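These notes concern the structure reproduced below.
Protein chains: 6
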Amino acid sequence: MLVANEASTPLAKKVADSLGVEFSTMIRKQFSDGERYHAFPSEIAEKDLVIIGATHNDTSHQEVLDLIQGGRYWNAASINVVIPYLGYSTMERAKPDTREIPKGITRTRQIFRARPHFVAFIDLHSEAVLHAHAGEIRTKHLWSDRLVVKKIRNLDLDDFVLVSPDYGFSKRIARLASLLDCPHTAADKDRYDTDKTIVSQVSSVVKGKSAIVCDDMIRTGGTIIQTASRCLDAGARDVYVLATHLVLSGEARKQFKKSKIVKIIGSDTYPGVKSDDLIDVYSVAPLIKKVLKSHLLSSADRLRNH
Amino acid sequence: MLVANEASTPLAKKVADSLGVEFSTMIRKQFSDGERYHAFPSEIAEKDLVIIGATHNDTSHQEVLDLIQGGRYWNAASINVVIPYLGYSTMERAKPDTREIPKGITRTRQIFRARPHFVAFIDLHSEAVLHAHAGEIRTKHLWSDRLVVKKIRNLDLDDFVLVSPDYGFSKRIARLASLLDCPHTAADKDRYDTDKTIVSQVSSVVKGKSAIVCDDMIRTGGTIIQTASRCLDAGARDVYVLATHLVLSGEARKQFKKSKIVKIIGSDTYPGVKSDDLIDVYSVAPLIKKVLKSHLLSSADRLRNH
Amino acid sequence: MLVANEASTPLAKKVADSLGVEFSTMIRKQFSDGERYHAFPSEIAEKDLVIIGATHNDTSHQEVLDLIQGGRYWNAASINVVIPYLGYSTMERAKPDTREIPKGITRTRQIFRARPHFVAFIDLHSEAVLHAHAGEIRTKHLWSDRLVVKKIRNLDLDDFVLVSPDYGFSKRIARLASLLDCPHTAADKDRYDTDKTIVSQVSSVVKGKSAIVCDDMIRTGGTIIQTASRCLDAGARDVYVLATHLVLSGEARKQFKKSKIVKIIGSDTYPGVKSDDLIDVYSVAPLIKKVLKSHLLSSADRLRNH
Amino acid sequence: MLVANEASTPLAKKVADSLGVEFSTMIRKQFSDGERYHAFPSEIAEKDLVIIGATHNDTSHQEVLDLIQGGRYWNAASINVVIPYLGYSTMERAKPDTREIPKGITRTRQIFRARPHFVAFIDLHSEAVLHAHAGEIRTKHLWSDRLVVKKIRNLDLDDFVLVSPDYGFSKRIARLASLLDCPHTAADKDRYDTDKTIVSQVSSVVKGKSAIVCDDMIRTGGTIIQTASRCLDAGARDVYVLATHLVLSGEARKQFKKSKIVKIIGSDTYPGVKSDDLIDVYSVAPLIKKVLKSHLLSSADRLRNH
Amino acid sequence: MLVANEASTPLAKKVADSLGVEFSTMIRKQFSDGERYHAFPSEIAEKDLVIIGATHNDTSHQEVLDLIQGGRYWNAASINVVIPYLGYSTMERAKPDTREIPKGITRTRQIFRARPHFVAFIDLHSEAVLHAHAGEIRTKHLWSDRLVVKKIRNLDLDDFVLVSPDYGFSKRIARLASLLDCPHTAADKDRYDTDKTIVSQVSSVVKGKSAIVCDDMIRTGGTIIQTASRCLDAGARDVYVLATHLVLSGEARKQFKKSKIVKIIGSDTYPGVKSDDLIDVYSVAPLIKKVLKSHLLSSADRLRNH
Amino acid sequence: MLVANEASTPLAKKVADSLGVEFSTMIRKQFSDGERYHAFPSEIAEKDLVIIGATHNDTSHQEVLDLIQGGRYWNAASINVVIPYLGYSTMERAKPDTREIPKGITRTRQIFRARPHFVAFIDLHSEAVLHAHAGEIRTKHLWSDRLVVKKIRNLDLDDFVLVSPDYGFSKRIARLASLLDCPHTAADKDRYDTDKTIVSQVSSVVKGKSAIVCDDMIRTGGTIIQTASRCLDAGARDVYVLATHLVLSGEARKQFKKSKIVKIIGSDTYPGVKSDDLIDVYSVAPLIKKVLKSHLLSSADRLRNH
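Okay, here's the thing in structure tokens:
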């Protein structure tokens, strides 16, 4: 049975379609005191339950926990969770002596503690969250690299360079560049404070080329817009932006419209994101389909073909 | 260190005052994408952490989990949680074959799984939730009986009877009646469906007396208002209502104003509840103070006076 | 492999028969110091082990624990337990400040801690015991409703009403009444102490009808015999009694013979119960057969029909 | 608080006396259906609970589990268990391919799974049972060597040798012999089957001396009586028997009376054992007192004298 | 997928051959700082992983832990471990008050804590190590009895007796003797200290026969060589030695060459052991093959033939 | 009691000295087959055990596990581990689809699974390893920042800049720069492959200044030597190197001698490191002393001053 939390229902329906299975809508009611009622629409005992749910806010995160625990309660054969967008993933560590709660770790730990059998994540900001359990839960980190390469090739640019605004992301950019057989660089920062980042300069390798600024997620978009400006300063012909998770919070959309960025390419992992003039959204459904197919079918196949 | 989730801050401050300890306000920030940042305001390593938090909605429930896990992360010596009002406590079991998620169990289990050392609850709807863990966490069910008896005595009624609208609650009413040395009864129901309850009749024991309708919580107030009417039908002089948890959702306040109920007595366990002409709110702070004092001081005292 | 503890062997044999599988008798020896030796009669490694056992006394309870752990030790593929009658199920909570041990919880927890994969219970007195583990064990609460409805229909009464002596049981009675499309009521109690119950009155709805007093279990039978008398006082034509678990301890059988009850209908969940003039025992074997079939076959079928 | 299961109450009272603490008698009731009710006689929250209980039959074993879990339920600060005699300790391993349940392991595991904080055992038949948990519970194996040495010295024999009927026990005998500075030997067995043991011969070292046949426990006494005969055959002056656990099941007492054994020295670990003409029972209370004192006081002292 | 740690690769290849499956060689690199890199050579997700590895030194033990955890990390369907020789198996208990670390228990516990699904051991020195976990992991103790009996029969001796130098091993010798239908005895020890053993005498049953001294393992060989001498003193025609685990540490090989022992028969469980003039090594591969076949195939077959 | 594994004994002695406690040397023996025996030199039951041990190779890592488990076995009151250098810390994640074992996670998990109560690490390469448990163990990440700042100030350089060769380390460098109130930069890389790094260029900010190349550890030193060359190319006056962990494997020392680096400053976390002409080693003992003091004393103090 394939279900989703409310927020990820559109994406989950695409996955169900591509797998050729029925999407099951949870029975939901809300009481006058705000409490939410959930029931599975049909028998799940001894069935494999797939739950697709982004955890981008308290309600969505909590709904994922409820669905996992509900599946356990009603004796699902296995509980397989796909988290397209993991909330709090940038809070994966606490600064020394701040006593701040590293929710990237603690909230992911809540998911593991609900005792699913398998959890897949997409393009995580940090893999540290994968380890927030005792080593007994099957996890899978899905990379959207192949989907992204296809999207870039479809842009049909004749000369381009990948640009990373964030050094933490540069290993993945190197990997993408090698798949695309193109150059890549990272924005330079002569001087920056502990907390604030000022993008000062981008290497001249972008000169005369299309610059594709790549990141794992766009939140307010500040750093990316700065990096785009520096690319143009350094002689880039034009600037594209590529990011898996399009959070686009606060004034992000407005700021991007004002920038000289030609196009933003991103996925449908963050609930509610939509394509428009500037933003070109592709779906991660094929990626999810693939992992579910290989993960859930394998045990059956293994037995059949023993 | 004594902290609270945002919703239970007023109650927690009362507890801190009565214990003579400082209330520590968590450092809170909210980012543009809605994610909330929390940090403890000062060192908690090797200190006993007390967390007071009602879990009446997703955000409050989640904040309690975050605080427990944060206390663990920063090496608090012990984590002691008081949950004045437990959300979803009426969903403590699933009807046969409904496949509904019994969140009274599953959400309480989330709290236990965050691994606090001690959790106290107040006037639980069902004790089943206490057992939603593997038997290793210290729990304490606090009853407000003594506070309630005092409130009733203060009403200075010369002849009264306790009335239960809900048979599940009648054991506690018998206990209260025995403390108050007064009669008690329960509303009669000749015929009722699986789902809907119609209060048909109250015993004539209420005739000429003040009826005090008692329940653990008031949500929309429907059953209680019906019971009050039946008490008046049966000749009660006047009707008071007593309940620990004043949820008062939907049209509850408006409906109560229209009813002939003289006064509603309830506690401050549900966040945001306030006294007014009709509602008389007392605080459970003395109850919480007492348990914290005995629980936290005991280990120290035990060693000193060995 | 299907085995049983000694006490539930007759019931287990019926289940084996109806499933068309062999019943395996454990090898048992007892040493002079009273210690009991158990061995499985044939290889169980990599087989699904089914254990049927009531836990109505220390020895039976302990034998169930031994069998589960023995199955684990000898590498059974899965361990599936059916507990027709759960001992101590009425001690599912401790009264405040009594420091009494709630063995309904703690003994059930022992069963879960022996680490079976699946545990089914029949007509539990309280579902609280289901939650006495950390949320990782598959449990199933079987209701005998369908079997009971059939038994009542077979009585061929033309006009009857279901009567509950115990408010805790009234939800299930409402459910039965709705399946039978008949009225139901509950005995009234104007005044009762914390500890002792006096059934004072039954609604006139029973007048001229057959009253079927329903409860989950009969122990000494006191309350049920009182309720039966009140039914007759209120004009009931005759009284039947219906209960899943026929403990019939102490003087119960003698007291029932003296009462004006026409017939007691109950199941064979409690070890040793036998039909006689008054008591009509039906078997829960069909219920157990059904759950075992669906639970154990499903994984195989699921793979075959993938 | 120091409590005991019913069987070990006399021993526990001796321990309480020697520690100078009060012995608390559990509140016990038994219902007509055989179920037993237990309550702690006074507040145990935040107190160290000591439970003394032999587990020599199902009821005693089960009562120890109930007391541990009850202590957990009512928030004892720590739960410290002393098991003077461990039931099933000779079933500490299963013979290959027998599918017999090694209850020495599985029942001890039940004790650990009830989650006490500390468990002490006396003169275990096999230390394998100590490891029947995941390595997280404090265990202590108490040896009665010092008490035994004192008892032997008090016999005031001028020339004696220790004789082991069982090679498994010979390491301990070597240890005792070294404390007593006396010779020791073991009975010889030219030929024995897998299952049955025939003691054929004892070394001539016993000639003209008092032979003290030593074992960890006496059950039916068969092997010990045989060994005693062989000692006399080999010229021993007279024969004494020494064993920690006096089970004396079946015809043991009668057989011993018929043998030429002068005296049997054993402890009060097995419930109900009493001194008489032949049997001289000493108490292990000093041993238990010592471990409780050092274990329970140490944490307090450690803090005081830091 | 069948892999091995480096040390047990030759044995694992034999097992793979006899099972008709491919042996997969781990990808191994070693960095300049001594750290070792391991990667599985092909996809293991959803496959059954078999790991064969003796744990005779820190590096081999650690490699087994790494392989188990690696299999967990990459989502193997099941992780099945065969440990031909278990390091530290003779340190299965700590002497009283020595504070020595019983690594036989603690290191085996490390293996269980790495969370494999199944662990098989061969001819363990003590079964106590099997219980060094919480009772949830499938373990199997494989006895080489059948292989050994064949080897002895192949010696074609016309009259022989099995001799045990170590009483702890005598139960297994009785079992072997019963399979071979031959007599057996154990070396006698009139007097021995707590720590040192002097083999004084062997029964005259060996006179004129071939003596086969049997033990579970040969380390320095001291006791075995002594026992062989005593056999010759007692008139044995000649002496053979039989042991499962040929550690042969220190001067063992040299001492054996100097002794009058005709042949040493042992298995290939200990890494690096090789046949020569004196030593005749047989392989345990058939034993391992058998358990893997029955353990891994059973679940598939069970489903097919349901 | 304060002990250490063999490798970290010199550091542990310094810590013991500065704490004013005795250093306890484990009793160690090695048998001819290579197995190592360990015993605690005196009673540890109910004492706080401190274990200091780098885990830079299999033997040292294993010894730390043995000591933790030994402390558990002998009932230490608490087990507190300090790991000055964590082996495999750079393997904290697996590259996609490589099936490489991320030993940084799995080996650290072994440490947590041995169930210490507290584990402190120094200057971790990645904090991801901190989360390799279920959230129940107290961990502490100690930063050597304050010690390092002091060392740099002692160099008495009048104008210097911190240079990071590795972007992963740049956050810490920013933190150090802010404590020292000096500029900092990172080496630039126009183009690099997925696997190999070529340091192409360092910003001109180093011109005329002393460049201090900072990293968390030096293994072969390749990248650091390259970065140093680029600094000189960019006009740096001279180059210093600063790193916490001086692994210096392979040809590192020789290569550094050949380079133009003036001085290497590092700590004594990696076993065996020594000061010489080029290398200036400071001790982390003050850092360890501080954390042990605050962690172990706090509970006692808390009780005293309650």
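Quick mapping for you: the protein sequence lines, in order, are chains A, B, C, D, E and F.
For the first sequence, the working numbering begins at 7 and goes up steadily by one.
For the second sequence, the working numbering begins at 7 and goes up steadily by one.
For the third sequence, the working numbering begins at 7 and goes up steadily by one.
For the fourth sequence, the working numbering begins at 7 and goes up steadily by one.
For the fifth sequence, the working numbering begins at 7 and goes up steadily by one.
For the sixth sequence, the working numbering begins at 7 and goes up steadily by one.
Backbone N, C-alpha and C fix where the C-beta goes; we use that ideal spot for every residue, glycine too.
As the structure is a prediction and not an experimental result, all values here were calculated from the model.
- In the structure shown, the three-state DSSP call for A/L130 is coil.
- The C-beta of A/N63 has 16 or more other C-beta atoms within 10 Å across all chains shown, which makes the residue buried.
- Listed along the chain, the chain E residues whose CB falls inside 7 angstroms of the CB of D/H137 are I111, A134, H137 and A138.
- Between the alpha carbons of D/V290 and C/I74 lies a distance of about 35 angstroms.
- Pairing D/L25 with D/V9, the inter-Cα distance amounts to about 13 angstroms.
- Taken atom to atom, the span from the alpha-carbon of D/P47 to that of C/K157 is near 46 angstroms.
- The segment 242-256 of chain B and the segment 224-232 of chain B touch, with three or more beta-carbon pairs separated by less than 8 angstroms.
- At a cut-off of 8 angstroms between beta-carbon atoms, D/H147 makes no contact with chain F.
- Leaving aside the five residues that flank F/K53 on each side, the residues in its chain whose CB is nearer than 7 angstroms to its CB run, in chain order, M7, A82 and A83.
- Rounded to the nearest whole angstrom, the CA to CA distance from E/K266 to E/R181 is 27 angstroms.
- Assigned with DSSP and collapsed to three states, E/L8 falls in strand.
- C-alpha of C/A60 to C-alpha of C/P90: approximately 5 angstroms in a straight line.
- When Cβ-Cβ separations below 8 angstroms define contact, B/N81 makes no contact with chain A.
- Taking the Cα positions, A/K263 is about 57 angstroms away from E/I57.
- Looking from the CA of E/H301, the closest CA among C/E49, C/P122, C/R119 and C/V155 belongs to C/E49.
- Note on the segment 132-195 of chain F: whole alpha helix (DSSP H) runs with a minimum of 4 residues are 151-161 and 176-186, in chain order.
- In the structure shown, the three-state DSSP call for B/I267 is coil.
- At the C-beta level, E/I218 and E/V169 come within 8 angstroms of one another.
- In chain order, S216 place their CB closer than 7 angstroms to the CB of C/L163, counting only its own chain and leaving out the 5 sequence neighbours on each side.
- In this structure A/A249 is not in contact with A/D286, their Cβ atoms being roughly 11 angstroms apart against a cut-off of 8 angstroms.
- Neighbours of D/R99 across chain E, judged by C-beta separation under 7 angstroms: E133.
- Between C/K295 and C/V70, the beta carbon gap of about 19 angstroms keeps them out of contact (Cβ cut-off 8 angstroms).
- Any Cβ of chain F closer than 8 angstroms to the Cβ of B/Q75 would place that residue at the interface, and such an atom is present.
- Proximity of chain F to E/V27 at the Cβ level (cut-off 7 angstroms) is not reached, the minimal Cβ distance being about 18 angstroms.
- Take A/S176, set aside five residues on each side of it, and the residues of its chain with a beta-carbon closer than 7 angstroms to its own are S170 and A192, in chain order.
- Contact of F/R121 with chain D is assigned, a C-beta pair being separated by under 8 angstroms.
- Here the C-alpha atom of E/L161 lies approximately 10 angstroms from the C-alpha atom of E/V155.
- The alpha-carbon separation between F/I117 and F/V88 amounts to approximately 11 angstroms.
- Rounded to the nearest whole angstrom, the CA to CA distance from D/D274 to D/S14 is 9 angstroms.
- Annotation: A/E69 has no Cβ neighbours in chain C at a cutoff of 7 angstroms; minimum Cβ distance is about 17 angstroms.
- In this structure, B/V212 lies near B/A240, with their beta-carbon atoms less than 8 angstroms apart.
- Its chain contains L92, S95, E98, G110, I111, T114 and F127 as the residues whose beta carbon lies nearer than 8 angstroms to that of A/V135, once the 5 sequence neighbours on both sides are disregarded; these appear in chain order.
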